[in-house]
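Everything on this sheet refers to the single structure shown next.
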Amino acid sequence: MENELEPHPSDDIRQDAVATAPAAPGVVAALVVHSPTDQLGDTLDSLSAQDYPNLQVLVLLTGSDAHELAMVTEMVDARSLAAHVRHVGANPGFATVANSVSRLVQGDSGFFLFLHDDVALDPDAVRLMVEELYRSNAGLVGPKIVEWDDPRRLHMVGFDADRFGELDGAIEEHEVDQEQHDAVRDVFVLPTACLLVRADLFREMGGFEESIPFHGEDLDLCWRAHLMGARVVVAPVARVRHRGNLRQRRDDLSHVKMAARHRLSTVASLTGVARSFTTIPLLILVTLVEAIVSLVTGHVRRALFEVGALVTAPRDTMSILRRRRRVAALRRIPDREVADLQVRGSVRWRRLVRGRHVAGVSPGDRGVSGDDTVSRDPVTIVVWFVLWGLLLAGARELIAGGIGSVGDLLPWAESPRDVAHSYLSGWWGKDLGATTAQPTGNILMFLAGVLTLGHPALAQTIAVVGLVAAGWLGASRLCAVASAPRARLIGTIAYAAIPLPYAAVAAGRLQALIAYAVLPWALHLMRLFGGLGLPRGVEESSRTVGDVIDHPDTTTRVRIVSSFALLMGVTAAFAPSVMLVVLVCAVLWVVAALLSGGSLRAAGLGIAAVLVSMVA
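When the count follows our numbering, it moves up by one through the sequence shown with no breaks and lands on 622 for the last residue.
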C-alpha cells in the first residue's frame, strides 16, 4: 500500500489507497515548523510547484500558540496546497516531531521526505530524488543544498564522517557551484534539512533517536542505516535552498554543548563491541586534545563544553545501553564494513592541517553536531603548544615540590575545613590573633581546596601557574581586535615574553602576578563594552584608527559588566591594589583616544564599564 495520511475526523479526504494508487510511489513530505515566519511561505510555494505526481504534504507545527496554528493554516489555504496541518503542542525537538509521521501516515511502500521550515525546493527536486533512489537502490537520498540568499554558492552536499562522529563536508565555505560536485556519490551522513527515506526502512529503524532533539539526529539515523546495509546517497541534480539559522531562532539552546554530548553518545551507542575497546579510549583522548586546542586558542567555553561532554557521558549510560540493544537487533553489516565507509584518522585534525574553512558543519548552520568555528591556523596551534610546553617545563619544580614560602606566597591552610572554620568564626589567627572581618579570599581558597579534594597545596600550585596561563589567554583575546591571526599570535608571544610573572613568582610578589593575569582580561572587556573591534571580512589594511563597530546592545553590555564585576570581585579578594591599576589603564585609554584621534565614545564607555564593575 502506498503512503497515505491517516484519516482524521477533520479531514475531508477519505479514499481507498489501493484502488486509487497512481503509478508513481507515494511521497509524504513531513514539514516540521517552529515559530513560522515569512520564509515558510517560500517553502510552501516550492512544495506546491513540485512536478512529482503523487506528493502529499504533512505540516507538523510545534509550540502551543493558537495564533501560529491559524497563521500556518491560512498560509496553506492561500496556496491551495493539499496539505494536512497537525499541531503537536510543545516543541520536544525535531526528532520526536518527525517520528510522528509513522503514526499519522499509513503504508510502507512509499517514501518520507523530511523537511525543515527554512528550505525551498526546485520544482523537480522531489522527482529527481525519487528517481535516484530507485536508480541507486538507496535507502536515503539527499539533494544538493545551496545558500538561501545566493543559490550560486554551495551549502551542503552530504558529509563524510570519522569514527569519532566528526563530519567533513566536501565543500569549502561559500564555495561557488560550478557543477564540480554534481556526481552522485555515497556519503556517510545526509542533513535532515531535506531528506528522502524509504518508509519501510524508516519504520524498521524506529525512526529518529528521540533522545537527540537537535544536533546529531542525522548522524544517528544515517549510521543506523549503514548498519542495516542501506545506501546513503546524495543526488546533486536535485537542488534545495536552505537558510540554516537555527542558532538565531533557538538562542535558548546551548548548541555546541548539545552537539558535543550527542556526538559522544552516538559513537558510544553505534560502534561495535570489538571496535569500542579502541575507539572509545581514542575518542576520550581526541576530545581532550580538542579541548586543549580550544583552550589555547582562546575559546574557553568550547573547551569546557568538550570536557563537559566527557564528564556527563556516564549520565547517559542507560540511554546508550538501550540504543545498543536496539541497534544489535537491526545490525546486518559487520562493523568493519561500516568502518570502511568512514574517514580514516581524525576529520578535525585533517581539517586543521589543511587549514580549511568547511561549510555547513557548525550547529548554527545545519543543526547537527560539529564545531562552532572553522579550522585553526596550524602555526598558531604549534606555537601555543610550544608555549604550554615551556610553561610546564619552567614550572616543573613548583609542580613537583609545591609553592615555597617566599614573600606573599605563603602556604594555604592545611585543610579546607580550617579555612571554612576561620571564615565562619571571624577569628583571624595571624600575628597575635584578633576577631575581625575575614578576607573574601578565604572562602575562595576553601572552594579551591574542595575542588582539589582536600589538597590546598595542589590548589595553590594550580592557582600560581594558572595565573601565568590566564595572562597569556587574556592577551590572546585582547589581540583578537587584529584581523590577521599571525598578528594576534605575535601579540600573545610578546606578552608571554615579559619577565614580570616569572620574577614575581621567584620573589613571591602575588599582587604583581595577579596584575599580569587580570589586566589583559580587563582591557578586553573594556574593548568589548566600548564596541572596539574589526568586523569579519574587513581587511586589516582597510582599518582606520579608532574604528568602532556594532556597539553592543543592552543585554550584551549587562553580560559584559557582570563578567567585569566578577573579575574585579575575585581580584579584590586577593589584590585590591590591582583594581587601581585597572582604573589607571582605563584613564590612559581615554588619554590615548584624545591624542590619537580615536573614538572618545568607545574609550568613555570602557572607563564607564570599569567604574560600574568596581561599584558592583
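Quick reminder that beta carbons are idealized off the backbone N, C-alpha and C, glycines included.
*asked:* Between the alpha carbons of SER41 and ALA72, how many angstroms are there, rounded?
replied: When rounded, the distance between both Cα atoms is 11 Å.
Residue interval of the alpha helix (DSSP H) (run including ALA101): 100-105
Discussion item. Quick check: the Cα distance between ALA399 and THR386, rounded to an integer number of angstroms?
Written reply: A straight line joining the alpha-carbon of ALA399 with that of THR386 spans about 20 Å.
Margin query: Quick check on GLU312: does DSSP put it in helix, strand or coil?
Written below: In the structure shown, GLU312 adopts helical secondary structure according to DSSP, grouped into three states.
Taking the beta strand (DSSP E) that CYS200 belongs to, which residues open and close that run?
Run containing CYS200: 200-204, per the beta strand (DSSP E) assignment.
Point to revise | Spatial distance of ALA2 from ALA512 (CA atoms) | key: This structure does not reach residue 2, given that the chain is present from 7 up to 622, and the question cannot be answered.
Quick one, are the C-beta atoms of VAL195 and GLY235 less than 8 Å apart? no
message: Quick check: ALA205 and ASP114, are their CB atoms within less than 8 Å of each other?
response: yes
- [ ] Could you work out which residue in ARG515, PRO491 and ALA581 is closest to VAL524 when comparing CA atoms only?
- [x] ALA581
ask   = Is VAL82 closer than 8 Å to LEU50 when the C-beta atoms are compared?
value = yes
Straight-line gap, VAL111 to PHE118 (C-alpha atoms, nearest Å):
9 Å
- CA nearest to the CA of ARG563, picked from LEU531, SER583 and VAL593: LEU531
Could you tell me the boundaries of the alpha helix (DSSP H) in which GLN62 lies? Per DSSP, GLN62 belongs to no alpha helix (DSSP H); it is in the beta strand (DSSP E), 61-68.
Check your understanding: How would you write the range of the beta strand (DSSP E) that ILE151 sits in, first residue to last?
Key -> 146-153
**Q.** Per-residue DSSP class, three states only, for PRO507
**A.** Helix.
By Cβ distance, which residues of its chain are closer than 8 Å to HIS187, with the 5 residues on each side in sequence left out? Excluding residues within five positions, the ones whose Cβ falls inside 8 Å are LYS150, LEU160, VAL163, ALA176, ILE177 and PRO242.
- Message: According to DSSP, simplified to helix, strand and coil, what is PRO197?
- Response: coil
Beta strand (DSSP E) runs contained entirely in the region 211-272, provided each spans 3 or more residues: 238-248
From this set, THR198, SER54, GLY314 and VAL238, which residue's C-alpha is nearest ARG267's C-alpha? GLY314
Item checked: Beta-carbon proximity list for ARG350, same chain, < 8 Å, skipping 5 on both sides -> ASP168
Nearest-angstrom Cα distance between GLU210 and HIS248? 29 Å
ALA274 to TYR508 span [Cα, whole Å]: 44 Å
If we count the other Cβ atoms within 10 Å of its Cβ and call it buried at 16 or more, is GLU153 buried or exposed?
buried
Check your understanding: According to the neighbour-count rule (16 or more other Cβ atoms, all chains shown, within 10 Å of its Cβ), is LEU457 buried or exposed?
Key -> exposed
Buried or exposed (CB count within 10 angstroms, at least 16 for buried), ASP183: When all chains shown are included, ASP183 counts as buried.
Option nearest GLN45 by Cα separation, candidates TRP595, ASP155 and GLY575: Out of TRP595, ASP155 and GLY575, ASP155 has the C-alpha closest to the C-alpha of GLN45.
Stretch pair the region 389-408 + the region 461-476: three plus CB contacts closer than 8 Å:
yes
| Using the beta-carbon count (16 or more within 10 Å), is PHE391 buried or exposed? | exposed
Practice task
Return the CA-CA distance between MET585 and GLY395, expressed in angstroms with no decimal places.
Solution key: Rounded to the nearest angstrom, the two C-alpha atoms are 31 Å apart.
Should TYR140 go down as buried or exposed, given a rule of 16 or more other Cβ atoms within 10 Å for buried? Counting Cβ neighbours within 10 Å, TYR140 comes out exposed, since fewer than 16 surround it.
#### Entry: Supposed contact pair SER142 and VAL107 - C-beta distance, whole angstroms, cut 8 Å
That belief does not hold up - the Cβ atoms of VAL107 and SER142 are roughly 23 Å apart, past 8 Å.
Original post:
Rounded to a whole number of angstroms, what is the C-alpha to C-alpha distance between ALA365 and LEU506?
Top reply: Low per-residue confidence applies at ALA365: pLDDT is 48, beneath 50, and the placement is therefore not dependable, though the value from the model is reported in the following sentence. Whole-angstrom Cα-Cα distance: 43 Å.
Do the CB positions of LEU201 and GLY145 come within less than 8 Å of each other? no
Report task. Pick out whichever of LEU53, ASN105 and VAL587 has its Cα sitting closest to the Cα of SER86. Result -> LEU53
Does DSSP put GLU181 in a helix, a strand or coil? coil
Work out the CA separation of PRO59 and VAL262 for me, nearest whole Å. 41 Å
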